[in-house]
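Colleague: The opening position of the sequence shown corresponds to residue 54 in the numbering used here, with each subsequent residue numbered one higher.
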Amino acid sequence: MKAPDSIKAHPFLRDWIDLSQQGLVVIRSGKAEIGQGIHFALSSIVGNILGIPLDQINVRGPDTDQGPDEGLTAGSLSVQQGGTALAYVAVNLKSCLFDAASHRLAVPVAKLSSRNGVIKSSDGQEISYWELADELSEAKVGEWLPSWADLETGDHRPERRSEIDAIVRGDTHFLHDLVWPDMLHARVVRPRNILSHLVKLDVDAITVLPGVIHVEVNGDFIGVIAEQEDQAVNAALEIQKVAIWEAFQQTDDAGVDPQDYIGAPAESEWVTAEPNGELLEQSWTRSALYSRPFIAHASIGPSCAVAIYDERLTVWSHSQGVYLLRKEIARVLEMSESNVRVIHSPGAGAYGHNGADDCAMD
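Now the structure itself:
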């Protein structure tokens, strides 16, 4: 079994699992919980290998400051990629813990066993994982490979995923529920057409509206900041009414709107007579006008993001690729990536291409 590339990029055990809090195993995962239950699955993998009940395991999602870069959470690959990586980490962590316990207790590894985070020797001595944590600060993921036997060392599955109760009760869970002191709210106003350009906006008429703090106009980008969310919404609606946009009608060379071609008969042309044959024309060029309209994702919930700037920029987003988002935010704001931190926080409606990254960028 080949170790995932993420292990090579983040070779230290501490990059993945934290034992600094007594009685708690903290997993740092680069895979986002978007409602698919991935954190439950990852907890089960680590819990079974380490022999730890799931109520002693906490999974922290993607964080560009404190977690591994595991790329995108997409394509049903989270267990295959993230689960495999954590299986490698957990097996090697357990091996290191047993070696450290053997040295501390002066007992051969073969005479040690563990349960619920406590390593016991055949002569009655015992020591916990957390008492050994300091000795593993520089330990790396080694050569031990996970096996099915490692995953079958225990069964710590609860009756249901722990976060479901909070969601059903309506407790604070999603990014949309979080509140910071003195938090402001914003809305972005989009043009009516993807190629429309802003001609005029009476900014003064918007800034006098209740609660409006600032109106940002940068080229065709319009954003409004207000004290309360409803005030930002009302200001955005007013901007939609009064903003003047350059009318744009996209047509091809014949003056026909591309939308008019929808449903029209398709035309085909042979460029080769045989599957592996030469092209009928040795040199040819094809040109066309391609059009893509705005697409409604129809997500179950609106996208949301929160940002705080205090010497560094910290962004909370339900993005499925926080490292990629950090790179783009740093590029657009002309900042060093080291001065931008992106933290994943659960958000409703994360399947498909939603607006999480766009919202964070706005």
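We treat Cβ as the ideally placed atom computed from N, Cα and C, and that holds for glycine.
Among residues of its own chain, excluding the 5 on either side of N392, which ones have a beta-carbon nearer than 7 Å to its beta-carbon?
Modeller: Result list for N392: R365 and L366, in chain order.
Colleague: Start and end of the alpha helix (DSSP H) containing K61?
Modeller: That run of the alpha helix (DSSP H) goes D58 to A62.
Colleague: Helix, strand or coil for L189 per DSSP?
Modeller: Three-state result, L189: helix.
Colleague: Could you tell me the alpha carbon to alpha carbon distance between N246 and D273, rounded to whole angstroms?
Modeller: Cα to Cα, the separation comes out at about 11 Å.
Colleague: Tell me the rounded alpha-carbon separation between H406 and G128.
Modeller: Taking the straight line joining both Cα atoms gives about 12 Å.
Colleague: Going by C-alpha to C-alpha distance, which of N145, Y182 and G136 sits closest to A154?
Modeller: Ranking the options by Cα distance to A154, first place goes to Y182.
Colleague: Do I98 and A62 have their C-beta atoms within less than 8 Å of each other?
Modeller: Taking 8 Å as the Cβ cut-off, I98 and A62 do not qualify as a contacting pair.
Colleague: Mind reading off the beta-carbon distance from L66 to K253? Whole number of angstroms is fine, and I expect it under 8 Å.
Modeller: No, L66 and K253 are not in contact; Cβ-Cβ is about 59 Å, not under 8 Å.
Colleague: With DSSP run on the structure shown, which of helix, strand or coil describes E364?
Modeller: Three-state result, E364: coil.
Colleague: Of the residues Y362, G114, S82 and L290, which one's Cα is nearest the Cα of G136?
Modeller: Nearest of Y362, G114, S82 and L290 to G136, Cα basis: S82.
Colleague: Which complete alpha helix (DSSP H) runs does the region 208 to 285 hold, if anything under 4 residues is left out?
Modeller: Runs of the alpha helix (DSSP H) inside the region 208 to 285: 215 to 222 and 256 to 260.
Colleague: Around the Cβ of G170, are there at least 16 other Cβ atoms within 10 angstroms (buried) or fewer (exposed)?
Modeller: Buried.
Colleague: According to DSSP, is V295 helix, strand or coil?
Modeller: Three-state DSSP puts V295 in a helix.
Colleague: Applying the 10 Å Cβ sphere with the 16-neighbour rule, what's the burial state of Y376?
Modeller: Buried, since its Cβ has 16 or more Cβ neighbours within 10 Å.
Colleague: In terms of residue numbering, what span does the beta strand (DSSP E) encompassing N111 cover?
Modeller: Per DSSP, N111 belongs to the beta strand (DSSP E) from I110 to R113.
Colleague: On the DSSP bridge list, what partners appear for S340?
Modeller: Paired residues: none, contrary to the question.
Colleague: Reducing DSSP to helix, strand and coil, say where W69 ends up.
Modeller: Here W69 sits in coil by DSSP.
Colleague: Among A239, E299, Q281 and I91, which one has its Cα closest to the Cα of I417?
Modeller: Nothing can be reported for residue 417, as the shown portion of the chain is limited to 54 through 415.
Colleague: Roughly how many angstroms lie between the CA atoms of Q133 and A94, to the nearest whole one?
Modeller: Looking at the two C-alpha atoms, the distance is approximately 11 Å.
Colleague: Cutting at 7 Å between CB atoms, please list the residues of its own chain near D152, excluding the five before and the five after it.
Modeller: Only V162 meet the Cβ criterion.
Colleague: Taking the beta carbon of N145 as the centre, do at least 16 other beta carbons fall within 10 Å, making it buried, or is it exposed?
Modeller: When all chains shown are included, N145 counts as buried.
Colleague: Using a 10 Å radius around the Cβ and a threshold of 16 neighbouring Cβ atoms, would you call P263 buried or exposed?
Modeller: So P263 counts as exposed.
Colleague: Are there 16 or more other CB atoms within 10 angstroms of the CB of N271, so buried, or fewer, so exposed?
Modeller: Result: exposed.
Colleague: For W233, count neighbouring Cβ atoms within 10 angstroms of its own Cβ and tell me buried if that reaches 16, exposed if not.
Modeller: With fewer than 16 Cβ atoms within 10 Å of its Cβ, W233 is classed as exposed.
Colleague: Quick one, which of Q75, R157 and Q178 has its alpha-carbon nearest Q109's?
Modeller: Comparing Cα positions, the closest option is Q75.
Colleague: Between Q284 and the rest of its own chain, which residues show a CB-CB distance below 8 Å, the 5 nearest in sequence each way excluded?
Modeller: Cβ neighbours of Q284 beyond the five flanking positions: H238, L262, P263, G264 and V265.
Colleague: Tell me D122's beta-bridge partners as DSSP assigns them.
Modeller: Answer is none; D122 lacks a bridge partner.
Colleague: May I have the straight-line CA-CA distance separating N111 from P399, to the nearest angstrom?
Modeller: Cα to Cα, the separation comes out at about 15 Å.
Colleague: Between which residues of its own chain and S167 is the CB-CB distance below 6 Å, once the five residues before and five after are set aside?
Modeller: These residues qualify, in order along the chain: G104.
Colleague: Secondary structure at K55, three-state DSSP: helix, strand or coil?
Modeller: If DSSP states are grouped into helix, strand and coil, K55 belongs with coil.
Colleague: Apart from the five residues just before and just after L228, which ones in its own chain have a Cβ nearer than 8 Å to its Cβ?
Modeller: Hits under 8 Å: C357, A358, V359, W369, S370, H371, S398, P399 and G400.
Colleague: To the nearest angstrom, how far is the alpha carbon of K164 from that of S175?
Modeller: For K164 and S175, the distance between alpha carbons rounds to 6 Å.
Colleague: If you follow the beta strand (DSSP E) that K173 is in, where does it begin and where does it stop?
Modeller: Its beta strand (DSSP E) spans residues V171 to S174.
Colleague: Spell out the partners DSSP gives H156 in its beta bridges.
Modeller: Answer by DSSP bridge pairing: none, since H156 is not bridged.
Colleague: Taking the beta strand (DSSP E) that H92 falls in, what are its first and last residues?
Modeller: Note, H92: premise wrong, no beta strand (DSSP E); alpha helix (DSSP H) at I91 to L103.
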